[in-house]
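Chains as they are written, first to last, in full-length UniProt numbering: chain P, 1 to 215; chain W, 1 to 296; chain Y, 1 to 301. Note that CB positions come from ideal geometry on N, CA and C, so glycine has one too. These notes are about the structure you will find just below.
Shown next, in the form of structure tokens:
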């Protein structure tokens, strides 16, 4: 227990890296994911196919494999991302964007068909239908799953520990070696994650409930 | 959904869309071609980057290379998943049932276990296994997969139970079944069947997570790829990566397809409840209010 | 492109050399007397009856098989190819010890023991002994017993042959140095060279490509591990003298002093009769100079 207090600043450093990894990857993943979701409902079939393939392939690929590609395989193609933090951001964003795209697409698809039909029948244009009727409803049912995607992202940043980033888990590994495998080291790491994930989980649950009641 | 957003296209629009689609396809293919040509320029497609798959150097045989990847590597991946999945399911079921206890304070431990373990990275739990609990890499991988997935399975089953129409439980108790009997004979069978697609989809996640064993020295598929790459030299990483990624995709896409098929079958039967499996990988609708946190 | 071609030629040469070694080991009995139990009976130890009753040696000799933990990814010491057969100096030492028990090479079961798993594997009885670039130190002596050392390694630095700036650990200030997450070399760098920017990966081999691409400036771990990489890659060089002492020992159960002392006897025999040198020269000695055998440490608990 003292061990956690004594190494508080080390934990904080790790926590800061995890938080920054999560934040940068989240922004990038949301951007890419939204584009992919838009492509998936686009009227152009070829784009739909490409976006669908992107989402399906990434969702069925382990994140470790994405890291493996960036760190060990990409250099064979002459692609040299700056090792460590930004490579990790790229991998996490790429991987998470597929789940963002899926959450957004399900959100849009989840709005009752009758809503769009009714909106069209009162003469709204395509843009108006989306803006006034479909998207406001879709966003509400998309936010809780998106928060869950972000929670998963927070936890997934730990994979970067295997690839040259010293975030929370990497910090835990170091402290564990330095303290002869003291189990308290990892308890400290666990607490750091729970500080992020549990409040986010509660937020998602309460939002889900509110959306459900609004229906 | 998309079909009702705009008018059914007329002949002109249809032609325009077809042209746009073709143009889009051409652009995508051109980009792919440029990428491939660039890669070829780096020598990636030269025979000496691929012979590891049919005629490897260092006096090794191709059969051994494939065996090391598909038998030992994939075998280790599947073994970890095969040991972890049933354990996680059983423990998840126990937790889900525990949470149905009527006494609030009795429920607390089960709720706490679920909330804590699904909020922690699987990799961290694997390290807890190997570093803190002194397990070997296989034990650590299985431990990490079990504690995380039991929490998720518990959530899925709880969601399934909660989504059942109230009348089911009421009818069961009306005919004199005890609480345990009604769970055992009426509620659980329906909940499990309804959530089957989600459970299978979670198996894909579990299988994917077994690749974290790479980081804790468990000799699974990805590790086998890396060992081969190290043994034969870095220039083979592309070829070996293609094999590894292909294997993962083949296994996971089949499992996903299985989940989708299940979802369609059970969806038809459980019509009254709609698609409670909104959290499934394959879901085409948003998760309903009881949906579990889907973990990418 | 030319570098690639040179690399290919070198690899081919290395492949031939490896093939040669294997052929030696299999066909020619001379360099592999350990495979032939009767050849080493001058002290009578390969006869099961000769071991004290109830000892680990007697049990293993009786069973006629042994489980040995080693590294599977360490060039020159313990490296497993796709065929699943480990090769290297540690493997030779393990085979020689098994030979003294009358156990033939093909009756040895090799188990991978990565760094963080060695103590556990011994404590759980998953392996009878561990020969895995295993540094003897006091922390580890709390949990396992060490026979040996059978080799003295030391932490050193690997960098690009073209990099003149790094000649020793003191030149590492401000440099990005790749090592393995949670390893002893990482701890050493963090504690004694605080100005080094440590870049931790899962295994040392993952450090090579970043080193070549200039994403890190150096790789640091035991000199012999680095020598293995330098031998396979002519664009990489080991720099400076080792700056730590890493005596490699053979790990056994902590309370099995009898077995530990017996292995010490065996090691001394190997040192004396030249089999140790032979084992070295057929493996790590292909790229490293042959050292004098170290003195075994018969420490008391």
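* To do: Would you verify that the beta carbon of residue 282/Y is, or is not, closer than 8 angstroms to some beta carbon of chain W?
  => Proximity of residue 282/Y to chain W, defined by a Cβ-Cβ separation below 8 angstroms, is not satisfied.
* To do: Verify the CB distance criterion: does residue 15/P have a CB-CB separation below 8 angstroms to chain W?
  => no
* So what's residue 307/Y in DSSP terms, helix, strand or just coil? -> No information on residue 307/Y is available, as it lies outside the stretch 1 to 301 that chain Y covers here.
* Asked: Can you tell which of 125/P, 12/P, 134/P has the C-alpha that lies nearest to the C-alpha of residue 115/P?
  -> The candidate whose alpha carbon is nearest that of residue 115/P is 134/P.
* DSSP bridge partner residues for residue 45/P (one or two, in chain order) -> According to DSSP, residue 45/P bridges with nothing at all.
* Flag this pair as touching only if the segment 116-131 of chain W and the segment 177-187 of chain W have three or more C-beta atom pairs under 8 angstroms; answer yes or no. => no
* What residues in the segment 142-170 of chain W bring their beta carbon closer than 8 angstroms to a beta carbon of chain P? -> none
* Smallest Cα separation from residue 194/P: which of 210/W, 112/W, 52/W? -> Minimum Cα-Cα distance from residue 194/P among the listed residues 210/W, 112/W, 52/W corresponds to 112/W.
* Asked: Where are the alpha helix (DSSP H) runs, 4 residues long or more, that stay fully inside the segment 156-200 of chain W, in chain order?
  -> Runs found: 166-174, 179-182.
* To do: Using a Cβ-Cβ cut-off of less than 8 angstroms, list which residues of the segment 117-135 of chain W approach chain Y; keep chain order.
  => 130, 131, 134, 135
* Asked: Within 10 angstroms of its Cβ, does residue 92/Y collect 16 or more other Cβ (buried), or is it exposed?
  -> buried
* To do: Tell me whether the beta-carbon of residue 25/P lies closer than 8 angstroms to the beta-carbon of residue 93/P.
  => yes
* **Burial state of residue 261/W (16 or more Cβ within 10 Å)** => exposed
* Residue burial classification, residue 37/Y (beta-carbon count within 10 angstroms, cutoff 16) -> Interpretation of residue 37/Y is limited by its pLDDT of 42, a score under 50 that renders its predicted location unreliable; the figure taken from the coordinates is listed afterwards. That one is buried.
* Of all the residues that make up the segment 8-25 of chain W, which are near chain P by a beta-carbon distance shorter than 9 angstroms? -> 9, 13, 17, 18, 20, 21, 22, 23, 24, 25
* Asked: From the beta carbon of residue 273/W, is the nearest beta carbon of chain P less than 8 angstroms away?
  -> Any reading at residue 273/W is ruled out, since the residue's pLDDT is 37, under 50, leaving its predicted position unreliable.
* Asked: Which of the residues in the segment 223-250 of chain W, read from start to end, lie with their CB under 8 angstroms from any CB of chain P?
  -> 225, 226, 229, 234, 235, 237, 238, 241, 244, 245, 248, 249
* To do: Could you give the DSSP three-state label for residue 102/W: helix, strand or coil?
  => Three-state DSSP puts residue 102/W in coil, outside helix and strand.
* Asked: Skipping 5 residues on each side, what residues in its chain have a beta carbon closer than 6 angstroms to that of residue 196/P?
  -> So the qualifying residues of the chain are 154.
* To do: With 8 angstroms as the limit, tell me which residues of the segment 160-193 of chain P have their beta carbon closer than that to any beta carbon of chain Y; keep them in chain order.
  => Result list: 161, 162, 163, 164, 166, 170, 173, 174, 176, 177, 178, 180.
* At a Cβ threshold of 8 angstroms, is residue 64/P touching chain W? -> Answer yes: the Cβ-Cβ gap between residue 64/P and chain W drops below 8 angstroms somewhere.
* Asked: Which residues in the same chain have their Cβ closer than 8 angstroms to the Cβ of residue 43/Y, if we skip the five residues on either side of it in sequence?
  -> For residue 43/Y, the predicted structure reports a pLDDT of 47, less than 50, and the residue's modelled location is therefore unreliable. The matter cannot be settled from this model.
* Asked: Which residues in the same chain have their Cβ closer than 7 angstroms to the Cβ of residue 277/Y, if we skip the five residues on either side of it in sequence?
  -> Excluding residues within five positions, the ones whose Cβ falls inside 7 angstroms are 290.
* To do: Please compile the residues from chain P whose C-beta is within a distance smaller than 7 angstroms of the C-beta of residue 28/W.
  => 46, 50
* Asked: Quick one, are the C-beta atoms of residue 224/Y and residue 72/Y less than 8 angstroms apart?
  -> no
* Looking only at C-alpha atoms, which of 189/W, 47/W, 114/W, 265/W sits nearest to residue 160/W? -> 189/W
* Tell me whether the beta-carbon of residue 118/Y lies closer than 8 angstroms to the beta-carbon of residue 132/Y. => Yes; because the gap between Cβ atoms is below 8 angstroms, this pair is in contact.
* Asked: Taking Cβ positions only, does residue 84/P come closer than 8 angstroms to chain Y?
  -> yes
* **Cβ of residue 142/Y within 8 angstroms of any chain W Cβ** => no
* **Three-state secondary structure assigned by DSSP to residue 239/Y** => If DSSP states are grouped into helix, strand and coil, residue 239/Y belongs with the strands.
* Classify residue 81/P as helix, strand or coil using the three-state DSSP reduction. => It is coil, neither helix nor strand.
* To do: Give the range of the beta strand (DSSP E) segment to which residue 176/Y is assigned.
  => 176-180
* Asked: What are the complete alpha helix (DSSP H) segments, minimum 4 residues, inside the segment 38-109 of chain W?
  -> 62-66, 74-98
* Find the nearest neighbour of residue 63/Y within the set 161/Y, 227/Y, 191/Y, 98/Y, judged by alpha-carbon distance. => Selection 161/Y, 227/Y, 191/Y, 98/Y evaluated against residue 63/Y yields 98/Y as nearest (Cα-Cα).
* Using a Cβ-Cβ cut-off of 8 angstroms, state whether residue 199/W counts as contacting chain P. => no
* Mind checking the segment 65-83 of chain Y against chain A and listing, in chain order, the residues whose C-beta falls within less than 9 angstroms of any C-beta there? => Note that chain A does not occur in the displayed structure, where the protein chains are P, W and Y.
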